[in-house]
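**Q**
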Amino acid sequence: MKNKFPLPLLLLLLAVITSFSSIAQEKEYYELKTYTIKNDTQEKMVDDYLKGAYMPALKRMGIENIGVFKVRSDKYKMSDRIYILIPYTSLTQFESVEKMLALDKVHVTDGADYINAKFENPPYERIKSVLLRAFPDMPKMIPTTVEGARKDRVYELRSYESPTEALYKNKVDMFNEGGEVTLFKNLGFNAVFYAEVISGDRMPNLMYMTTFPNLQTRDSLWEQFGSSPKWKEISSMEKYQNNMNKLDRHLLYPTEYSDY
């Protein structure tokens with residue numbers, strides 16, 4: 019059967035396909051696990067497990083830059099969550115973790131209290147897991163360089179939900195092609211990641227995390243963002259109107275055993 023395409027054109031098409039494939043493979047994947055706890059006993063059990071067994075086991079697998087965060091004190095919110103953010107180079111690496119944890123004898127021994135917890139004394143109320151894929155404009159995580167006392171730092175985790183898949187894709191485009199990611203960078207928001215949620219309970223949505231040395235800096239930078247000419251330009255574009263209908267915002271701080 020005769021080839022429909024001339025050889026030079028075929029080679030060009032293959033090069034383009036290979037290029038797009040390579041770019042896609044460079045994007046990291048993230049798992050955001052949220053533990054809901056009800057008391058100090060559960061908090062200690064989860065802390066001890068994450069610090070003494072789970073994180074060391076992940077590091078033995080070559081997984082670095084693991085963030086662990088708790089809710090900043092707020093009279094309107096309960097501090098009943100522990101968040102752990104884990105970066106993966108691929109879905110294959112993500113898929114292999116549970117099996118490797120079960121085979122890791124050190125992990126099984128060091129995490130015995132948590133792993134073998136009794137029915138009447140569970141270490142948590144529930145675990146929620148969200149799987150994310152990094153944005154093209156920030157394909158790899160940047161562990162924050164924010165300094166200062168950890169209790170004072172603000173790690174702001176945001177989730178933007180859209181009413182339809184098409185409008186969600188438009189919001190993602192607003193971050194990348196539209197220039198939101200670049201604006202955050204230019205203003206010094208110290209973003210850890212921007213990512214699409216590819217499996218979760220609030221889809222379609224995207225999530226990202228920005229970091230600040232303290233609450234005052236956070237508030238000041240958001241004021242600068244809202245009044246910046248670039249944001250006014252982006253947000254006023256007709257094509258980016260009404261692409262989001264729900265915002266969830268979580269102000270967190272890193273635990274002492276978090277990698278950043």
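Heads up: the sequence shown begins at 19 in our numbering, then just goes up one per residue. Glycine included, each C-beta is placed from N, C-alpha and C at the ideal position. Computed from a predicted model, the values in this text were never measured in an experiment.
If you draw a straight line from the alpha carbon of E274 to that of R168, how long is it in whole angstroms?
**A** The sequence position of residue 274 within the sequence shown is 256, counting from 1. The sequence position of residue 168 within the sequence shown is 150, counting from 1. Computed Cα separation, rounded: 7 Å.
**Q** Classify K264 as helix, strand or coil using the three-state DSSP reduction.
**A** By one-based count along the sequence shown, residue 264 stands at place 246. Strand.
**Q** Whole angstroms is fine: what's the gap from A42's alpha carbon to G196's?
**A** On the sequence shown, residue 42 is found 24 positions in, with the first residue counted as 1. On the sequence shown, residue 196 is found 178 positions in, with the first residue counted as 1. Its pLDDT being 49, under 50, A42 is placed unreliably by the model, and the measurement read from it follows with that caveat. Distance between the alpha carbons of A42 and G196 is about 20 Å.
**Q** Report yes if the C-beta distance between R144 and K45 is below 8 Å; otherwise report no.
**A** Taking the first residue of the sequence shown as position 1, residue 144 is located at position 126. Taking the first residue of the sequence shown as position 1, residue 45 is located at position 27. No, these two residues do not count as a Cβ contact at 8 Å.
**Q** Does the structure place the segment 130-150 close enough to the segment 205-219 that three or more beta carbon pairs sit under 8 Å?
**A** The segment 205-219 vs the segment 130-150: in contact.
**Q** Quick one: is G129 buried, meaning 16 or more other Cβ sit within 10 Å of its Cβ, or exposed?
**A** Position 111 of the sequence shown holds residue 129. Buried is the call here.
**Q** Where do the N-terminal and C-terminal ends of the alpha helix (DSSP H) with I252 fall, by residue?
**A** As a working mapping, residue 252 is identified with position 234 in the sequence shown. Residues P247 to S253.
**Q** Nearest to E183 by CA position, among N261, G85 and M79, is which residue?
**A** For the purposes of this step, residue 183 is taken as the residue at position 165 of the sequence shown. Closest by alpha carbon: N261.
**Q** Going by beta carbon distance, what residues of the same chain come within less than 7 Å of E198, once the five residues before and after it are set aside?
**A** Against the sequence shown, residue 198 aligns to sequence position 180. Result list for E198: M192 and I252, in chain order.
**Q** Looking at C-alpha atoms only, which residue of D219, G206 and E116 is the closest neighbour of T229?
**A** Within the sequence shown, the letter at position 211 stands for residue 229. Nearest of D219, G206 and E116 to T229, Cα basis: G206.
**Q** Which runs of the alpha helix (DSSP H) at least 4 residues long sit entirely within the segment 182-232? Give them in chain order.
**A** Segments of the alpha helix (DSSP H) lying fully in the segment 182-232: 183-194 and 198-205.
**Q** Go through its chain and collect everything with a Cβ distance to Q242's Cβ below 7 Å, but skip five positions before and after it.
**A** Against the sequence shown, residue 242 aligns to sequence position 224. The residues are L205.
**Q** Using the Cβ count rule (16 or more neighbours within 10 Å means buried), how would you classify T235?
**A** Translated into positions along the sequence shown, residue 235 becomes position 217. Buried, since its Cβ has 16 or more Cβ neighbours within 10 Å.
**Q** May I ask which residues mark the beginning and end of the beta strand (DSSP E) holding Y48?
**A** Position 30 of the sequence shown, counted from the first residue, corresponds to residue 48. From DSSP, the beta strand (DSSP E) with Y48 extends over Y47 to T54.
**Q** Rounded to whole angstroms, how far is the Cβ of N232 from the Cβ of G166, which I believe are closer than 8 Å?
**A** As a first step, residue 232 is located in the sequence shown; it is residue number 214 there, counting from the start. As a first step, residue 166 is located in the sequence shown; it is residue number 148 there, counting from the start. With 8 Å as the limit, N232 and G166 qualify as a contact, their Cβ atoms being about 7 Å apart.
**Q** Tell me the DSSP secondary structure of A152 in three-state form.
**A** Numbered from its first residue, the sequence shown carries residue 152 at position 134. Note: A152 maps to strand in three-state DSSP.
**Q** Would DSSP call S114 helix, strand or coil?
**A** Position 96 of the sequence shown, counting from 1, holds the residue named residue 114. Looking at S114 - three-state DSSP - the assignment turns out to be helix.
**Q** From which residue to which residue does the beta strand (DSSP E) around P105 run?
**A** Translated into positions along the sequence shown, residue 105 becomes position 87. From DSSP, the beta strand (DSSP E) with P105 extends over R99 to Y106.
**Q** Looking only at its own chain, which residues have a Cβ that is under 7 Å from the Cβ of V164, when we skip the five neighbours before and after it?
**A** Counted from its first residue, the sequence shown places residue 164 at position 146. Correct list, in chain order: R171, N208, T229, F230 and P231.
**Q** Return helix, strand or coil for I41, following the three-state DSSP convention.
**A** One-based indexing of the sequence shown puts residue 41 at position 23. The pLDDT assigned to I41 is 49, lower than 50, so where the model puts this residue is not dependable, and the model offers no usable value.
**Q** Just checking my contact of M255 with E174 at CB under 8 Å: how many whole Å lie between their CB atoms?
**A** Working through the sequence shown from its first residue, we reach residue 255 at position 237. Working through the sequence shown from its first residue, we reach residue 174 at position 156. 25 Å between Cβ atoms; not a contact.
**Q** Short check: CB of D277 to CB of G70, under 8 Å?
**A** Along the sequence shown, read from residue 1 onward, the residue named residue 277 stands at position 259. Along the sequence shown, read from residue 1 onward, the residue named residue 70 stands at position 52. No, the Cβ-Cβ distance between D277 and G70 is not below 8 Å.
**Q** Going by CA-CA distance only, name the one from L265, Y48, E179 and Q60 that's closest to K136.
**A** Taking the sequence shown and counting its residues from 1, the one referred to as residue 136 is at position 118. The shortest C-alpha separation from K136 is found at Q60.
**Q** If the criterion is Cβ atoms closer than 8 Å, does the pair V210 and M159 meet it?
**A** Residue numbering aside, residue 210 sits at position 192 when the sequence shown is read from its first letter. Residue numbering aside, residue 159 sits at position 141 when the sequence shown is read from its first letter. Going by C-beta atoms, V210 is nearer than 8 Å to M159.
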